[in-house]
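First comes the structure, then the notes that go with it.
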Amino acid sequence: WDETHFGKMASYYINRTFFFDVHPPLGKMLIGLAGYVSGYDGTFPFEKPGDRYEQHSYVGMRGFCAFLGSCLVPFAYLTVLELSKSLPAALLTAFILIFDTGCITLSQYILLDPILLFFLMGAVLSVVKCNSCGDRPFSASWWFWLSLTGVNLAGAMGVKFVGLFVVLLVGLHTVYDLWDLLGSLSLSLVTFGKHLLARVLCLILLPLALYTAMFAVHFTVLNKSGPGDGFFSSAFQSRLIGNNLHNVSMPEHLAYGSVVTMKNLRMAGGYLHSHWHLYPEGIGARQQQVTAYLHKDLNNLWIIKKHDSDTADLSDPSSPVEFVRHGDIIRLEHKETSRNLHSHQHEAPLTKKHFQVTGYGINGTGDSNDFWRIEVVGRKAGKLIKVLRSQVRLTHVATGCILGSSGKTLPKWGWEQVEVTCTPYLKESPNSLWNFEDHINPKLPNISLDVLKPSFAEILLESHMVMIRGNSGLKPKDNEVTSKPWHWPINYQGLRFSGVNETDYRVYLLGNPVIWWLNLVTIGLYLLIAVSTAVTLKRGVQLTSELKELARVVLCGGGLIMLGWLLHYLPFFMMGRVLYFHHYFPAMLFSSMLTGITWDTLLKFCAGFLSPSATARKVYGGVFLALVLLILYSFYLFHPLSYGMIGPVASDPSSPMAGLRWMDSWEF
Numbered sequence: 001w002d003e004t005h006f007g008k009m010a011s012y013y014i015n016r017t018f019f020f021d022v023h024p025p026l027g028k029m030l031i032g033l034a035g036y037v038s039g040y041d042g043t044f045p046f047e048k049p050g051d052r053y054e055q056h057s058y059v060g061m062r063g064f065c066a067f068l069g070s071c072l073v074p075f076a077y078l079t080v081l082e083l084s085k086s087l088p089a090a091l092l093t094a095f096i097l098i099f100d101t102g103c104i105t106l107s108q109y110i111l112l113d114p115i116l117l118f119f120l121m122g123a124v125l126s127v128v129k130c131n132s133c134g135d136r137p138f139s140a141s142w143w144f145w146l147s148l149t150g151v152n153l154a155g156a157m158g159v160k161f162v163g164l165f166v167v168l169l170v171g172l173h174t175v176y177d178l179w180d181l182l183g184s185l186s187l188s189l190v191t192f193g194k195h196l197l198a199r200v201l202c203l204i205l206l207p208l209a210l211y212t213a214m215f216a217v218h219f220t221v222l223n224k225s226g227p228g229d230g231f232f233s234s235a236f237q238s239r240l241i242g243n244n245l246h247n248v249s250m251p252e253h254l255a256y257g258s259v260v261t262m263k264n265l266r267m268a269g270g271y272l273h274s275h276w277h278l279y280p281e282g283i284g285a286r287q288q289q290v291t292a293y294l295h296k297d298l299n300n301l302w303i304i305k306k307h308d309s310d311t312a313d314l315s316d317p318s319s320p321v322e323f324v325r326h327g328d329i330i331r332l333e334h335k336e337t338s339r340n341l342h343s344h345q346h347e348a349p350l351t352k353k354h355f356q357v358t359g360y361g362i363n364g365t366g367d368s369n370d371f372w373r374i375e376v377v378g379r380k381a382g383k384l385i386k387v388l389r390s391q392v393r394l395t396h397v398a399t400g401c402i403l404g405s406s407g408k409t410l411p412k413w414g415w416e417q418v419e420v421t422c423t424p425y426l427k428e429s430p431n432s433l434w435n436f437e438d439h440i441n442p443k444l445p446n447i448s449l450d451v452l453k454p455s456f457a458e459i460l461l462e463s464h465m466v467m468i469r470g471n472s473g474l475k476p477k478d479n480e481v482t483s484k485p486w487h488w489p490i491n492y493q494g495l496r497f498s499g500v501n502e503t504d505y506r507v508y509l510l511g512n513p514v515i516w517w518l519n520l521v522t523i524g525l526y527l528l529i530a531v532s533t534a535v536t537l538k539r540g541v542q543l544t545s546e547l548k549e550l551a552r553v554v555l556c557g558g559g560l561i562m563l564g565w566l567l568h569y570l571p572f573f574m575m576g577r578v579l580y581f582h583h584y585f586p587a588m589l590f591s592s593m594l595t596g597i598t599w600d601t602l603l604k605f606c607a608g609f610l611s612p613s614a615t616a617r618k619v620y621g622g623v624f625l626a627l628v629l630l631i632l633y634s635f636y637l638f639h640p641l642s643y644g645m646i647g648p649v650a651s652d653p654s655s656p657m658a659g660l661r662w663m664d665s666w667e668f
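Under full-length UniProt numbering, think of the first position of the sequence shown as 1, with each following residue one higher.
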């Protein structure tokens, strides 16, 4: 399944080839490093799930992910132990995570999820440990856990943007903590200031510095041209060895008579392109096609001319150079076919509310629909236009529409290139902005493009813009199994990791049903207990010291975990991008910890009513044992989902898994 993505990306790091992904780089860099250290040479193609690794050394990468996935158990155990001060609660949480088929399946492959979950749980554990050092602030252990929280936050953010939710959790907890300190009259304001500064340093500045450093390493390692070039701007591409813009020299400012290529600024935007083929009958005017084409090609070349005169006199070497300025009205003549870039009020082929863009005229002679006003974003009239750096907008003089690329792919007649239109909606977007990439003009001095290379801050900003656009552009493909957030807590539908047919080795990502349904019931149970505890305390009911401690565990410890579950689950209801079952696993860790805390508290509370204490202990131990045995038996039944199934599919009555299809939506 996703090994084809992340394994391939590890290969790119080992080969130093630039690529694009919608997630920040830390997870892939760590997988690449694990592969490099364990002897993987980066040559396996990772084409489709189920391909054999043969002699390639992949165990290091899988082992690394499995190791981080295994760390979730001790992290969760220690977190619950710290919050509840109860060994059985911590053990129940550990049992849940050890015997959950979903956690096993997700941790044993080359995926980002175990790495994300490792940092996420690390952050939660660190913040809880730091809390327990609250009675001795500014001690060595306090600083250690506070700094470690910052490191883990940077790690979680550096693997996937979902790491933001744990940042939010720690942020809210810290604000609550500081508010509490502010109310303590035994603290001077100077000491409170120190507390505030310590948290700003360890929880804001340290994670930001580490996060930025990850990108610095990412850009330094990936210095060769690769499949990710086209997603980025021309200036960005000029950094990459092997790219046709690397170490090139060309004139800096645009002049009349220059031969140029224009690149659209939308993600993976193509070059403005034309060819001899005409638009077919019934699609606008039957004139020459203008498209956006993703590859370098001679048909991407255009000549810049004045709108009111021919440029023949400009090609005379003795004539003075005249620069193009912001606000000028120009014509663009296609070099190969000598047709002008033209628009009119016929509708575009695919985006019906936009106007059609064509190539029109003979040998550069056309009509007034060939005139375009060139404007640079954020510039004043009369300013010169820079190659690579200036972002320009072309406004059609006659209709007032703006030249842009819709991003839609044309049918066979348009050679499956990208549609170019003229949009009457004057909304600023990357689709309607262009930059000049190639620039040929023998009358102007060439300068090295190194001068125009973007700074690190610009690269960092651009890569984030591209990642955010990429994330929001992730829409489901045809026939793809996607899931809704309400499916996840009820374990409604799993995810095929490999294999479809009887002959395949099939692995299916599905949570252990007993565990997941126990977690779901427990969330309701916790809310009941928390509300009744809060009401009891509010009414001033006299409690024994034991019950007071239980109330503290429920409201403070359980409250933190419940908030974690809500923050890692509810935001998915508002996301427009494609969602998968594995997105629930961060929330699942929180609900598993909540299960440990809630059942322990509930049983202790019930046992408090039983006397003698020996009976109470037996009831408490018996229910715990029953829960653990139930979890173990369920794991025994469903473990083939994680470790692989062969033979008939579960929908076949003769399959050993047939009796385990408790829900029709499970497709193992």
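For every residue, glycine included, the Cβ atom is placed at its ideal position computed from N, Cα and C.
Please read all numbers here as calculations on a predicted model, not as lab measurements.
Neighbourhood of residue i by C-beta distance below 7 Å, restricted to the same chain and skipping five residues each side
{"i": "Tyr-297", "result": "It should be pointed out that residue 297 corresponds to Asp in this sequence rather than to Tyr. These residues qualify, in order along the chain: His-273."}
{"i": "Leu-637", "result": "Leu-660"}
Residue i and residue j closer than 8 Å at C-beta
{"i": "Ile-402", "j": "Leu-394", "result": "yes"}
{"i": "Phe-456", "j": "Val-387", "result": "no"}
{"i": "Leu-83", "j": "Ile-523", "result": "no"}
{"i": "Met-601", "j": "Val-554", "result": "Note that residue 601 is Thr in the sequence shown here, rather than Met. Going by C-beta atoms, Thr-601 is nearer than 8 Å to Val-554."}
{"i": "Gly-158", "j": "Leu-26", "result": "yes"}
{"i": "Phe-6", "j": "Ile-110", "result": "yes"}
{"i": "Ala-292", "j": "Val-418", "result": "yes"}
{"i": "Phe-161", "j": "Ile-459", "result": "no"}
{"i": "Met-29", "j": "His-218", "result": "yes"}
{"i": "Phe-581", "j": "Leu-509", "result": "yes"}
{"i": "Asn-340", "j": "Gly-359", "result": "yes"}
{"i": "Leu-301", "j": "Ile-385", "result": "no"}
{"i": "His-583", "j": "Phe-572", "result": "yes"}
{"i": "Leu-68", "j": "Phe-118", "result": "yes"}
{"i": "Leu-240", "j": "Lys-224", "result": "yes"}
{"i": "Glu-546", "j": "Gly-608", "result": "yes"}
{"i": "Tyr-256", "j": "Ile-204", "result": "no"}
{"i": "Val-392", "j": "Leu-426", "result": "no"}
Local conformation of residue i per DSSP, three classes
{"i": "Thr-395", "result": "strand"}
{"i": "Ile-523", "result": "helix"}
{"i": "Lys-263", "result": "strand"}
{"i": "Thr-423", "result": "strand"}
{"i": "Asp-135", "result": "coil"}
{"i": "Arg-506", "result": "strand"}
{"i": "Gly-158", "result": "helix"}
{"i": "Ile-385", "result": "coil"}
{"i": "Lys-453", "result": "coil"}
{"i": "Arg-331", "result": "strand"}
{"i": "Asp-600", "result": "helix"}
{"i": "Leu-111", "result": "coil"}
{"i": "Glu-462", "result": "helix"}
Buried/exposed call for residue i, threshold 16 Cβ in 10 Å
{"i": "Cys-130", "result": "buried"}
{"i": "Ile-96", "result": "buried"}
{"i": "Cys-422", "result": "buried"}
{"i": "Trp-372", "result": "buried"}
{"i": "Ile-329", "result": "exposed"}
{"i": "Asp-100", "result": "buried"}
{"i": "Arg-199", "result": "buried"}
{"i": "Ile-646", "result": "exposed"}
{"i": "Gln-345", "result": "exposed"}
{"i": "Thr-220", "result": "exposed"}
{"i": "Trp-142", "result": "buried"}
{"i": "Arg-266", "result": "buried"}
{"i": "Phe-138", "result": "exposed"}
{"i": "Arg-617", "result": "exposed"}
{"i": "Tyr-176", "result": "exposed"}
Alpha-carbon spacing of residue i relative to residue j, whole angstroms
{"i": "Phe-590", "j": "Val-128", "result": "14 Å"}
{"i": "Ala-76", "j": "Val-22", "result": "29 Å"}
{"i": "Leu-294", "j": "Gly-378", "result": "27 Å"}
{"i": "Lys-85", "j": "Gly-622", "result": "20 Å"}
{"i": "Asp-308", "j": "Asn-247", "result": "36 Å"}
{"i": "Leu-169", "j": "Ser-448", "result": "48 Å"}
{"i": "Ile-104", "j": "Ala-530", "result": "31 Å"}
Cβ neighbours of residue i in the same chain (closer than 8 Å, five flanking residues each side left out)
{"i": "Leu-594", "result": "Asn-519, Thr-522, Ile-523, Tyr-526, Gly-558, Ile-561, Met-562 and Trp-565"}
Own chain partners of residue i with C-beta closer than 6 Å, once the 5 adjacent residues on each side are dropped
{"i": "Pro-88", "result": "Asp-600 and Phe-624"}
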